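Presented below is the structure to which this report refers.
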Amino acid sequence: MATLPIGIATRSLRLPLRQALLKAAQLGADGVEIDVRNELRLTEMSQTAVRQLKKLLSDLGLKVAAVAFPTRRGYDDPDELDRRVLATQEAMSLAYRLGASVVVNQAGALPADADTPLAENQVNALSLLAAHSERAGARLALVSDAAPASQRRLLDELPGGGIGVALDPIALLSAGHAPTEALTQLGEHLLYGYAIDAVHEGIGSGARTSEVELGRGDADWPELLGLLEERGYRGWLTALRSAGSDPAGDLANAVAYLRTL
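Numbering follows UniProt numbering, in which position 174 of the sequence shown is assigned residue number 174; successive positions increment by one, without gaps.
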């Protein structure tokens, strides 16, 4: 299997960005995902600031795997949607300036029933972003906990190639969907992948999903990597950790685990 580049989401380290970049390099990552809503501000990224950040990354031997742009609401919510679309376009342009080709954000709610129409404002907003990707040089990868069939239905409504998906096993497991099923149905649209794991316990209203170290949960990573290979995926796998008392140690183990596989 071809070796995929391995990234670390710097927000997982719970450190100021510069310190997080230094730590990511020490942990053996090839690159980093940077959150441009909480770690960097779009309005503060002048040409000089971009140049300085790229110089630091180069000195550390890191690339920008992707830019995270986690808005509070998805593209299905009409409240301030135009503003959200414009801000996403700015994030896409910044990603390109930083050397990344992917921006990650949530899709918003999707109907589970195939007979229920998709939100018109959601399709229109994402169509605008798909068109902008050609000018910006970066594409939007959507994270969703919706059924893979529902995600595929949305993508089929959008202009080809400008919008794809980001694999987030925890989002899928928490909604009762198998990550392997998602790759089977959405593999051709995959732009980005999170290396994260969880255990899903219980059924119905009593079900809960708990994040665990990579390789110790319900996501079958050997099978997932095999599916990625079958589909010719050559993008990033980025280790993400939002729980646990030792994020740096857990991320180091995640990087080592992925390299072993």
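Cβ coordinates follow ideal geometry from the N, Cα and C atoms, glycine included.
Everything numeric in this text was worked out from a predicted model, so none of it was measured.
Worksheet entry | S242 versus N124: straight-line alpha-carbon distance, rounded | For the purposes of this step, residue 242 is identified with residue 242 of the sequence shown, where counting begins at 1. For the purposes of this step, residue 124 is identified with residue 124 of the sequence shown, where counting begins at 1. Rounded to the nearest angstrom, the two C-alpha atoms are 32 angstroms apart.
Item to complete: Rounded to whole angstroms, what's the CA-CA distance from L228 to L183? Just pull it up for me.
Response: Your numbering for residue 228 matches position 228 in the sequence shown. Your numbering for residue 183 matches position 183 in the sequence shown. Cα to Cα, L228 sits roughly 8 angstroms from L183.
Discussion item. Here's a check: name, in chain order, each residue in its chain whose Cβ is nearer than 7 angstroms to the Cβ of E44, leaving out the five neighbours to either side.
Written reply: In the sequence shown, counting from the first residue as 1, residue 44 sits at position 44. Within the same chain, E44 has no close Cβ partners at all.
Worksheet item: Would you report the Cα separation of A175 and D145, rounded to the nearest angstrom?
Response: Translated into positions along the sequence shown, residue 175 becomes position 175. Translated into positions along the sequence shown, residue 145 becomes position 145. A175 and D145: Cα-Cα distance of roughly 6 angstroms.
Discussion item. I need the straight-line Cα distance from R51 to T116, nearest angstrom please.
Written reply: The residue labelled residue 51 in the question sits at position 51 within the sequence shown. The residue labelled residue 116 in the question sits at position 116 within the sequence shown. Cα-Cα distance, rounded: 47 angstroms.
Discussion item. Do F69 and N105 have their beta-carbon atoms positioned less than 7 angstroms apart in this structure?
Written reply: On the sequence shown, residue 105 is found 105 positions in, with the first residue counted as 1. On the sequence shown, residue 69 is found 69 positions in, with the first residue counted as 1. In contact: N105 and F69 (Cβ atoms closer than 7 angstroms).
Discussion item. Taking a contact to mean a Cβ-Cβ separation below 7 angstroms, would you say Y192 touches A66 in this structure?
Written reply: Here residue 192 refers to the residue found at position 192 when the sequence shown is read from its first residue. Here residue 66 refers to the residue found at position 66 when the sequence shown is read from its first residue. The answer is yes: Cβ separation under 7 angstroms.
Practice prompt. Could you please give the first and the last residue of the uninterrupted alpha helix (DSSP H) stretch that includes Y75?
Written response: Numbered from its first residue, the sequence shown carries residue 75 at position 75. It is not in any alpha helix (DSSP H) - Y75 carries neither H nor E in the DSSP assignment.
Worksheet entry | Distance CB(A25)-CB(L62) smaller than 7 angstroms | Translated into the one-based positions of the sequence shown, residue 25 becomes position 25. Translated into the one-based positions of the sequence shown, residue 62 becomes position 62. For A25 and L62, yes; Cβs fall inside 7 angstroms.
Item to complete: Pull up the distance between the alpha-carbon of I163 and that of L27, whole angstroms please.
Response: Along the sequence shown, read from residue 1 onward, the residue named residue 163 stands at position 163. Along the sequence shown, read from residue 1 onward, the residue named residue 27 stands at position 27. Rounded to whole angstroms, I163 to L27 spans 31 angstroms at the Cα level.
Practice prompt. Tell me, please, whether the CB atom of A195 is closer than 7 angstroms to any CB atom in chain C?
Written response: Absent here is chain C; the protein component of the structure consists of one chain.
Practice prompt. Could you tell me the boundaries of the beta strand (DSSP E) in which Y96 lies?
Written response: Looking up residue 96 in the sequence shown gives position 96. Segment 81-97 is the alpha helix (DSSP H) holding Y96; no beta strand (DSSP E) there.
Discussion item. Which residue marks the beginning of the beta strand (DSSP E) containing Y194, and which one marks its end?
Written reply: Position 194 of the sequence shown, counted from the start, is the residue given in the question as residue 194. First-last of the beta strand (DSSP E) with Y194: 190-195.
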